[in-house]
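Peer 1: The structure is given below, and queries will be raised subsequently.
Numbering (this note's numbering), first residue to last: 4 to 304.
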C-alpha cells in the first residue's frame with residue numbers, strides 16, 4: 004500500500020519529524036502507492052453518504068464516514084493494512100513513538116470532505132480515546148485532491164499559540180497523495196483556513212482520510228487530565244483591523260462571522276454546562292451533591 008520510497012527514507016523522515024516546529028510533524032509527498040491512492044479517490048463516498056451534522060446537530064459543509072471498511076475494496080485493504088504490526092512499526096520508526104495502537108472504531112477519523120466556505124479553527128484534539136484508556140498520540144492524514152491551489156484555502160495550519168498568534172507557523176497545501184503526520188499533545192494546535200473555491204471550480208471539495216493512533220502509556224510530562232477538543236477562534240488580521248483603516252464589505256463580513264463564531268461557541272458551552280448540571284442533579288449522587296451544596300451555603304451564611 005505504501006510507496007516503497009517511504010520505507011527506504013524512514014531515517015530521514017524521522018529526523019524531519021523530530022526537528023519540525025512548532026511541534027513535531029512531517030509532510031510526505033507520494034505517501035501511498037499511486038494506483039492505490041487513485042483507488043481510494045475512486046471509492047471516496049459521496050457527501051450525502053456521510054455524516055454532515057455538527058456539534059450543534061445542524062447539517063453543514065463537512066461530511067465524515069467512520070465505517071471505512073464498507074466503502075469498497077480499497078478501503079477494506081487500507082483498514083487491513085493499518086492494523087498490522089509492521090505498518091504500525093513503520094509509523095513508529097518515523098515518529099519515534101513505539102507500541103502504537105490502531106483505532107478500530109475510527110472515532111473522529113475516517114473519510115473527511117469539506118465544501119466551499121468551510122474552515123477549521125485552531126484546536127488541540129481530545130487526549131484520550133473516548134471508550135478506551137488509551138492516550139492519543141498521532142494524527143495521520145492523507146489528502147485526495149487532484150486539483151488544489153494554496154489560494155483556495157483548506158491548507159492545514161500549525162500554530163505555536165493561537166491565543167497570541169494571528170498567523171500559523173506552518174501552512175501545507177492538501178494536494179493529492181500528500182500525507183501529514185503530527186503528534187497530538189497539549190500544544191499541537193492545528194486547523195485549516197477557510198475554503199474559497201473559484202467559480203470555475205466550485206464543484207470541488209477538500210477530501211482526506213484521517214487516521215488516529217494511540218498508546219497505552221505516554222511520557223509523564225505530557226500527561227494531562229482528560230478533555231475534549233479545545234478550539235480557539237482565529238485572530239483578526241492586525242494589518243487590516245487597525246486604527247485608521249476603512250472597513251470594506253469583506254472586512255465587515257469577516258467581523259460578523261468572527262462574532263457569530265464566538266456567540267455560537269459560547270452558546271454551545273453554556274448548553275454543555277447546563278447538561279452537566281442536570282446530569283449531576285439526577286439520581287442518588289445528584290441528591291447527595293444537592294444536600295452537600297445546601298449544607299455548605301448554610302454553613303457559609
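Cβ coordinates follow ideal geometry from the N, Cα and C atoms, glycine included.
Below 6 Å CB to CB, which residues in the same chain sit around residue 304 once its five sequence neighbours on both sides are set aside?
Peer 2: Numbered from 1 along the chain shown, position 301 holds the residue referred to as residue 304. Confidence is the limiting factor: at residue 304 the pLDDT is only 41, short of 50, which leaves the residue's position unreliable and the question unanswerable from this model.
Peer 1: Have a look at residue 260 and residue 120 and give me their C-alpha separation to the nearest angstrom.
Peer 2: In the chain shown, residue 260 corresponds to position 257, counting from 1. In the chain shown, residue 120 corresponds to position 117, counting from 1. A straight-line Cα-Cα distance of about 11 Å links residue 260 and residue 120.
Peer 1: Quick check: the region 150-169 against the region 20-37, are at least 3 beta-carbon pairs closer than 8 Å?
Peer 2: yes
Peer 1: Between which residues of its own chain and residue 28 is the CB-CB distance below 6 Å, once the five residues before and five after are set aside?
Peer 2: As a first step, residue 28 is located in the chain shown; it is residue number 25 there, counting from the start. Cβ within range, chain order: 185.
Peer 1: How would you call residue 210, buried or exposed, if buried means at least 16 neighbouring beta carbons within 10 angstroms?
Peer 2: Position 207 of the chain shown, counted from the first residue, corresponds to residue 210. Residue 210 is buried by the Cβ-count criterion.
Peer 1: Quick check on residue 251: does DSSP put it in helix, strand or coil?
Peer 2: Taking the chain shown and counting its residues from 1, one reaches residue 251 at position 248. Coil, per DSSP.
Peer 1: If we count the other Cβ atoms within 10 Å of its Cβ and call it buried at 16 or more, is residue 66 buried or exposed?
Peer 2: Within the chain shown, residue 66 is the residue found at index 63, counting from 1. Classification for residue 66: buried.
Peer 1: How big is the Cα-Cα spacing for residue 6 and residue 34?
Peer 2: The count along the chain shown starts at 1 and reaches residue 6 at position 3. The count along the chain shown starts at 1 and reaches residue 34 at position 31. So the alpha carbons of these two residues sit roughly 6 Å apart.
Peer 1: Please specify which runs of the beta strand (DSSP E), each continuous and at least 3 residues long, are wholly inside the region 190-223, giving them in chain order.
Peer 2: 192-195 and 209-218
Peer 1: Nearest to residue 141 by CA position, among 94, 125 and 53, is which residue?
Peer 2: Here residue 141 corresponds to residue number 138 of the chain shown, with the count starting at 1. Of the listed residues, the one whose Cα sits closest to residue 141 is 94.
Peer 1: Within the same chain, show all residues whose beta-carbon is closer than 7 Å to that of residue 117, passing over the 5 residues directly before and after it, in chain order.
Peer 2: In the chain shown, counting from the first residue as 1, residue 117 sits at position 114. Around residue 117: 64, 65, 157, 198, 208 and 209.
Peer 1: Where does the unbroken beta strand (DSSP E) through residue 98 begin, and where does it stop?
Peer 2: Numbered from 1 along the chain shown, position 95 holds the residue referred to as residue 98. No beta strand (DSSP E) contains residue 98, which is instead part of the alpha helix (DSSP H) from 88-98.
Peer 1: Would you kindly check if the distance between the Cβ of residue 151 and the Cβ of residue 178 is under 8 Å?
Peer 2: The count along the chain shown starts at 1 and reaches residue 178 at position 175. The count along the chain shown starts at 1 and reaches residue 151 at position 148. Result yes, Cβ atoms of residue 178 and residue 151 sit closer than 8 Å.
Peer 1: Taking the alpha carbon of residue 111 as the reference point, which residue from 134, 89, 122 and 31 has its own alpha carbon closest?
Peer 2: Working through the chain shown from its first residue, we reach residue 111 at position 108. Ranking 134, 89, 122 and 31 by Cα distance to residue 111 puts 134 first.
Peer 1: How should residue 106 be labelled, buried or exposed, when 16 other C-beta atoms within 10 angstroms of its C-beta is the threshold for buried?
Peer 2: Position 103 of the chain shown, counting from 1, holds the residue named residue 106. Flag for residue 106 reads buried.
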